[in-house]
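A.B. asks:
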Amino acid sequence: MVSLSINGQTYPVDVPDDMPLLWVLRDVIGLTGTKFGCGIAQCGACTVHLDGQAVRSCVLPVGTIGNRAITTIEAVGNTPSGQKIQQAWLDVDVVQCGYCQSGQIMAAAALLAHTPNPNDADIDAAMSGNLCRCATYVRIRAAIKQAATGKAELQQTIVSMPEGAAS
Amino acid sequence: MRRFLLIVVILLLVGTGVYLYLNRSDQADGTAPTVAGAPPSADVLARGEYLTKAADCAACHTVPGSNRAFAGGVPFRLPFGTIYSSNITADESTGIGSWSDDEFVRALHDGIGKHGEHLYPAFPYTSYTLLSRSDVLAIKAYLFSLPKVSLPNKPNDLSFPYNQRWSIGFWNAAFFKSQRFQPDAAQSPQWNSGKYLATALGHCAECHTPRNGMFALQHGEELSGEELQGWHAYNITSDQTHGIGAWSDGELAGYLSTGHADGRGSASGPMAEAVENSLRFLQPADTSALIAYLRSVPARTGKDPITVDSKPAAALASSDFAPAGDDHADAQGAKLFEGACAGCHQWNGKGQQTPYASLIGTRGVNDMRGVNVTQILLHGSSLRGEGASIFMPGFGDAYSNTEIAAISNYVIGHFGNKQGTVTPDDVAARRNQM
Numbered sequence: 001m002v003s004l005s006i007n008g009q010t011y012p013v014d015v016p017d018d019m020p021l022l023w024v025l026r027d028v029i030g031l032t033g034t035k036f037g038c039g040i041a042q043c044g045a046c047t048v049h050l051d052g053q054a055v056r057s058c059v060l061p062v063g064t065i066g067n068r069a070i071t072t073i074e075a076v077g078n079t080p081s082g083q084k085i086q087q088a089w090l091d092v093d094v095v096q097c098g099y100c101q102s103g104q105i106m107a108a109a110a111l112l113a114h115t116p117n118p119n120d121a122d123i124d125a126a127m128s129g130n131l132c133r134c135a136t137y138v139r140i141r142a143a144i145k146q147a148a149t150g151k152a153e154l155q156q157t158i159v160s161m162p163e164g165a166a167s
Numbered sequence: 001m002r003r004f005l006l007i008v009v010i011l012l013l014v015g016t017g018v019y020l021y022l023n024r025s026d027q028a029d030g031t032a033p034t035v036a037g038a039p040p041s042a043d044v045l046a047r048g049e050y051l052t053k054a055a056d057c058a059a060c061h062t063v064p065g066s067n068r069a070f071a072g073g074v075p076f077r078l079p080f081g082t083i084y085s086s087n088i089t090a091d092e093s094t095g096i097g098s099w100s101d102d103e104f105v106r107a108l109h110d111g112i113g114k115h116g117e118h119l120y121p122a123f124p125y126t127s128y129t130l131l132s133r134s135d136v137l138a139i140k141a142y143l144f145s146l147p148k149v150s151l152p153n154k155p156n157d158l159s160f161p162y163n164q165r166w167s168i169g170f171w172n173a174a175f176f177k178s179q180r181f182q183p184d185a186a187q188s189p190q191w192n193s194g195k196y197l198a199t200a201l202g203h204c205a206e207c208h209t210p211r212n213g214m215f216a217l218q219h220g221e222e223l224s225g226e227e228l229q230g231w232h233a234y235n236i237t238s239d240q241t242h243g244i245g246a247w248s249d250g251e252l253a254g255y256l257s258t259g260h261a262d263g264r265g266s267a268s269g270p271m272a273e274a275v276e277n278s279l280r281f282l283q284p285a286d287t288s289a290l291i292a293y294l295r296s297v298p299a300r301t302g303k304d305p306i307t308v309d310s311k312p313a314a315a316l317a318s319s320d321f322a323p324a325g326d327d328h329a330d331a332q333g334a335k336l337f338e339g340a341c342a343g344c345h346q347w348n349g350k351g352q353q354t355p356y357a358s359l360i361g362t363r364g365v366n367d368m369r370g371v372n373v374t375q376i377l378l379h380g381s382s383l384r385g386e387g388a389s390i391f392m393p394g395f396g397d398a399y400s401n402t403e404i405a406a407i408s409n410y411v412i413g414h415f416g417n418k419q420g421t422v423t424p425d426d427v428a429a430r431r432n433q434m
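Given below as structure tokens:
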């Protein structure tokens with residue numbers, strides 16, 4: 001029996017220690033917002049936060065997590081950086097097919113939490129491991145900058161401006 | 001003329017005599033020191049199973065991932081061709097089911113097959129010759145208790161003159177001595193047990209001891225490191241700088257039983273196989289004995305010494321999520337690391353999802369020639385243990401030789417604080433090895 005702290009709630013789960021967290025999230029607990037992409041930590045679709053750090057849940061054995069706090073896409077909007085990132089994502093309309101986007105948002109929210117005003121190199125270092133086969137990279141970069149500064153980066157596709165934006 | 005012929009005949013007779021003398025078999029049964037996991041009081045099959053694991057028979061005789069245990073067929077690509085391991089299940093026609101006890105003992109003690117043919121020393125009879133007859137027969141009993149697999153042996157693909165089995169007789173005369181393990185009364189029982197585990201059973205030297213031009217072990221250079229099948233088997237002498245002299249007992253025990261020691265490294269490639277198939281099954285007392293023996297192996301520098309920088313500036317300046325301190329870093333290598341590697345290894349080399357992915361302090365990233373870094377990038381690595389399955393995917397199909405060289409040199413610079421010397425040509429050569 002493993003006890004996991006996910007999105008502020010405690011989940012006792014009866015799974016083998018070496019089961020990757022992603023399996024537990026999706027198949028055991030039913031939090032299906034986190035996606036399976038490659039299964040070998042090469043695409044980033046399964047990214048979640050462990051004590052605020054972006055990690056690949058597809059290769060993270062649950063037995064090694066202990067009492068560290070897990071945050072998934074379902075609750076990242078409750079964190080300040082997650083809230084800003086999700087709003088910018090909507091305003092720039094980053095998403096195309098969407099499959100990789102929960103991972104992209106988790107990676108971007110972690111970046112913004114530790115680097116509040118990232119430059120291009122910071123964004124590359126944090127986001128290069130998250131692949132998007134629709135190639136929404138230009139809008140991802142713009143949305144991260146917009147979330148950081150509050151200044152509109154690209155044409156805004158939703159009428160409302162992000163919180164704190166200069167009007 | 002007559003005198004000349006006489007001299008020729010005498011020389012032939014003397015030569016034959018010397019040949020036979022040097023190839024003489026030690027018929028002694030031998031006595032093994034006590035191995036904690038296989039005490040003499042235990043059931044023969046239980047002893048056989050433990051000894052079979054300690055001797056790592058599976059590494060060569062079971063194709064990884066196949067369900068045909070001990071049925072052979074594992075290829076060994078050597079500079080002079082490919083040798084395939086043989087079927088050692090009890091199947092009568094394709095395995096060793098028809099072998100008598102004496103025939104099996106002769107194979108392990110003298111390197112001679114059922115029909116009197118010389119076996120290639122890829123089969124480490126050079127080490128197994130030290131096993132006691134009782135241990136050899138326990139191994140046989142265990143192998144014969146397992147399911148028979150009908151699988152004909154693959155013919156070896158060796159070039160001339162290496163395909164001439166009789167020539168091994170001369171190799172044996174020069175480099176092999178049939179002999180049982182001789183305990184050293186001046187040493188502790190633990191040390192003797194450890195030596196037996198390291199030599200007769202674990203045959204560590206077969207990978208870790210340098211070989212000469214005739215592919216024979218250089219005994220004066222014991223365990224000082226060698227490159228085999230494209231992988232660097234590191235120096236495991238007691239040398240403080242180049243060997244394992246500075247490792248703590250806990251680090252050594254952890255490495256041997258789990259394949260990882262924090263700040264020292266993770267077993268990959270053939271060593272991962274040795275941990276997976278063999279070393280992790282050793283009882284703690286046997287692991288301790290093995291360590292006690294290794295500690296007594298004289299310190300040697302070896303031919304390609306690696307000096308580990310345990311505090312590489314660039315990696316220490318980096319955080320979990322961002323790089324720093326790489327002013328002169330290979331730009332292409334850094335870009336590739338950013339996309340493919342940082343998610344698991346992290347910029348500070350801590351290892352994100354598993355400590356097995358930590359890089360600081362490992363000999364791999366401190367080897368300027370990047371031998372094992374290149375191998376693991378090309379071919380990946382996996383280590384299956386109890387409650388843990390550790391793997392790194394191979395990138396050989398995804399990246400060009402130039403890219404693999406760039407990543408290797410970046411990793412050596414960032415985590416080893418050294419100028420890597422890996423060229424695309426090196427990578428091309430290593431692609432074909434393993």
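Top to bottom, those sequences are chains A and F. To convert, note that position 33 of the first sequence is 33 in the UniProt record's numbering; the numbers rise steadily by one, no gaps. To convert, note that position 6 of the second sequence is 6 in the UniProt record's numbering; the numbers rise steadily by one, no gaps. Glycine is no exception: its CB is placed at the ideal position from the N, C-alpha and C atoms.
(1) For F/Glu206, count neighbouring Cβ atoms within 10 angstroms of its own Cβ and tell me buried if that reaches 16, exposed if not.
(2) Can you list the residues of chain A that F/Ser389 reaches, using a CB-CB cut of under 7 Å?
(3) Check each candidate in F/Asn172, F/Arg133, F/Asn163 and F/Gly364 and name the one with the smallest Cα separation from F/Glu103.
(4) For the region 85 to 100 of chain A against the region 27 to 44 of chain A, are there 3 or more C-beta pairs whose distance is under 8 Å?
(5) Whole angstroms are fine: how far does the CA of F/Tyr128 sit from the CA of F/Tyr196?
(6) Alpha carbon to alpha carbon, how far is F/Pro33 from F/Pro189? Give it in angstroms, no decimals.
(7) How about A/Ser81: is its C-beta nearer than 9 Å to some C-beta of chain F?
(8) So the candidates are F/Ser150, F/Tyr142 and F/Val105; which of them puts its Cα closest to the Cα of F/Arg180?
(9) Would you tell me roughly how many angstroms separate the C-alpha atoms of F/Ala324 and F/Ala314, rounded to the nearest one?
(10) By Cβ distance, which residues of its chain are closer than 6 Å to F/Leu279, with the 5 residues on each side in sequence left out?
(11) Using the beta-carbon count (16 or more within 10 Å), is F/Trp247 buried or exposed?
(12) Please state whether DSSP places F/Tyr410 in a helix, a strand or coil.
(13) Using CA coordinates, which residue listed in F/Gly385, F/Ala398 and F/Thr421 is at the minimum distance from F/Val371?
(14) Enumerated in chain order, which unbroken segments of the beta strand (DSSP E) with a length of 3 residues or greater are wholly contained in the region 247 to 272 of chain F?
(15) If you measure beta-carbon to beta-carbon, which residues of the region 37 to 56 of chain A are closer than 8 Å to chain F?
(16) For the beta strand (DSSP E) that contains F/Thr82, what are its first and last residues?
(17) Can you give me the Cβ contacts of A/Asn117 inside the same chain, cut-off strictly under 8 Å, excluding the 5 residues immediately before and after it?
(18) So with CB distances below 7 Å, who are the chain F contacts of A/Ser128?
(19) Considering only DSSP beta bridges, list what A/Ile70 is partnered with.
(20) Using a C-beta cutoff of 9 Å, does A/Ala110 count as contacting chain F?
(21) Helix or strand or just coil, what does DSSP make of F/Tyr234?
(22) Compare the C-alpha of A/Ala121 against each of F/Tyr356, F/Ala331, F/Gly416 and F/Pro155 and name the closest.
(23) Return the residues of the region 307 to 325 of chain F that lie within a Cβ-Cβ distance of less than 7 Å from chain D, sorted by chain order.
(24) List the endpoints of the continuous alpha helix (DSSP H) containing F/Pro75.
(25) If we define contact as Cβ-Cβ less than 9 Å, is F/Gln352 a contact residue for chain A?
(26) Give a yes or no on whether 9 Å exceeds the smallest Cβ distance from F/Gly245 to chain A.
(27) Anything in chain A within Cβ reach of F/Ala267, meaning under 8 Å, just list it in chain order.
(28) Going by other Cβ atoms of all chains shown within 10 Å of its Cβ, with 16 needed for buried, is F/Gly263 buried or exposed?
(29) Bridge partners of A/Ile140, per DSSP?
(30) Going by alpha carbons, who is nearest to F/Ile236 out of F/Glu227, F/Gly230, F/Ala69 and F/Glu222?
(31) Since F/Phe391 sits in a beta bridge, which residues does DSSP pair it with?
(32) From the DSSP secondary-structure annotation, give me the bridge partner or partners of F/Asp157.
(33) A/Pro80 by DSSP, collapsed to three states: which one?
(34) Buried or exposed: where does F/His208 fall if 16 or more other Cβ atoms within 10 Å of its Cβ makes it buried?
(35) Return the CA-CA distance between A/Val15 and A/Gly30, expressed in angstroms with no decimal places.
(36) Please report the Cβ distance between F/Tyr120 and F/Ile88, rounded to the nearest whole angstrom; I am assuming they are in contact, meaning their Cβ atoms lie under 8 Å.
C.D. replies: Concretely, from the data shown:
(1) Counting from one through the second sequence, the residue named residue 206 of chain F turns up at place 206. Answer is buried; the Cβ neighbour count reaches 16.
(2) For this step, residue 389 of chain F is matched to residue 389 along the second sequence. The answer, in chain order, is Asp18.
(3) Sequence index remark: in the second sequence, residue 103 of chain F carries index 103 (1-based). Nearest option by C-alpha distance: F/Arg133.
(4) yes
(5) Your numbering for residue 196 of chain F matches position 196 in the second sequence. Your numbering for residue 128 of chain F matches position 128 in the second sequence. F/Tyr196 and F/Tyr128: Cα-Cα distance of roughly 10 Å.
(6) Your numbering for residue 189 of chain F matches position 189 in the second sequence. Your numbering for residue 33 of chain F matches position 33 in the second sequence. When rounded, the distance between both Cα atoms is 7 Å.
(7) On the first sequence, position 81 is the one that residue 81 of chain A refers to. Not closer than 9 Å to any Cβ of chain F, the Cβ of A/Ser81 fails to qualify, so no.
(8) Start at 1 with the first residue of the second sequence, and residue 180 of chain F comes out as number 180. Per the Cα distances, F/Val105.
(9) Taking the first residue of the second sequence as 1, we reach residue 324 of chain F at position 324. Taking the first residue of the second sequence as 1, we reach residue 314 of chain F at position 314. Using only the alpha carbons, I get a separation of about 6 Å.
(10) Here residue 279 of chain F refers to the residue found at position 279 of the second sequence. If we look at F/Leu279 and ignore the five residues flanking it on each side, its Cβ neighbours are Leu256.
(11) Residue mapping note: residue 247 of chain F aligns to position 247 of the second sequence, counting from 1. Burial call: buried.
(12) Here the question's residue 410 of chain F lines up with position 410 in the second sequence. In this structure, F/Tyr410 counts as helix in the three-state DSSP scheme.
(13) Stepping through the second sequence from its first residue, residue 371 of chain F is reached at position 371. Out of F/Gly385, F/Ala398 and F/Thr421, F/Thr421 has the C-alpha closest to the C-alpha of F/Val371.
(14) none
(15) Ile40, Ala41, Gln42, Gly44, Gln53, Ala54, Val55 and Arg56
(16) As a position in the second sequence, residue 82 of chain F is number 82, starting the count at 1. Gly81 to Tyr84 is the extent of the beta strand (DSSP E) around F/Thr82.
(17) Taking the first residue of the first sequence as position 1, residue 117 of chain A is located at position 117. Closer than 8 Å at Cβ, skipping near neighbours: Ala148 and Thr149.
(18) Locating residue 128 of chain A in the first sequence gives position 128, where the first residue counts as 1. Per Cβ cutoff of 7 Å: Glu338 and Gly339.
(19) Numbered from its first residue, the first sequence carries residue 70 of chain A at position 70. A/Ile6 and A/Leu50, per the DSSP bridge assignment.
(20) The residue given as residue 110 of chain A occupies position 110 in the first sequence. Yes - at least one Cβ of chain F is within 9 Å of the one on A/Ala110.
(21) Here residue 234 of chain F refers to the residue found at position 234 when the second sequence is read from its first residue. Here F/Tyr234 sits in coil by DSSP.
(22) In the first sequence, the residue the question calls residue 121 of chain A occupies position 121. Comparing Cα-Cα distances from A/Ala121 to each of F/Tyr356, F/Ala331, F/Gly416 and F/Pro155, the minimum goes to F/Ala331.
(23) Among the protein chains of the structure shown, namely A and F, there is no chain D.
(24) If you number the second sequence from 1, residue 75 of chain F lands on position 75. Element bounds for F/Pro75: not the alpha helix (DSSP H) but the beta strand (DSSP E), Pro75 to Leu78.
(25) Counted from its first residue, the second sequence places residue 352 of chain F at position 352. So, interface residue.
(26) As a position in the second sequence, residue 245 of chain F is number 245, starting the count at 1. No, its Cβ sits nowhere closer than 9 Å to a Cβ of chain A.
(27) By 1-based counting over the second sequence, the position of residue 267 of chain F is 267. Per Cβ cutoff of 8 Å: no residues; F/Ala267 is ~18 Å from chain A at best.
(28) The residue labelled residue 263 of chain F in the question sits at position 263 within the second sequence. Result: exposed.
(29) Working through the first sequence from its first residue, we reach residue 140 of chain A at position 140. According to DSSP, which records beta bridges pairwise, A/Ile140 is partnered with nothing at all.
(30) Taking the second sequence and counting its residues from 1, one reaches residue 236 of chain F at position 236. Answer by Cα proximity: F/Glu222.
(31) Numbered from its first residue, the second sequence carries residue 391 of chain F at position 391. The partner list for F/Phe391 (beta bridge, DSSP) reads F/Ser382.
(32) Counting from 1 along the second sequence, the entry for residue 157 of chain F is found at position 157. F/Thr82.
(33) For the purposes of this step, residue 80 of chain A is identified with residue 80 of the first sequence, where counting begins at 1. In the structure shown, A/Pro80 sits in a helix (DSSP, three-state: H, G or I).
(34) Mapped onto the second sequence, residue 208 of chain F falls at position 208. Looking at its Cβ environment, which holds 16 or more other Cβ atoms inside 10 Å, F/His208 is buried.
(35) Within the first sequence, residue 15 of chain A is the residue found at index 15, counting from 1. Within the first sequence, residue 30 of chain A is the residue found at index 30, counting from 1. Cα to Cα, A/Val15 sits roughly 14 Å from A/Gly30.
(36) Looking up residue 120 of chain F in the second sequence gives position 120. Looking up residue 88 of chain F in the second sequence gives position 88. Not a contact, Cβ separation roughly 15 Å.
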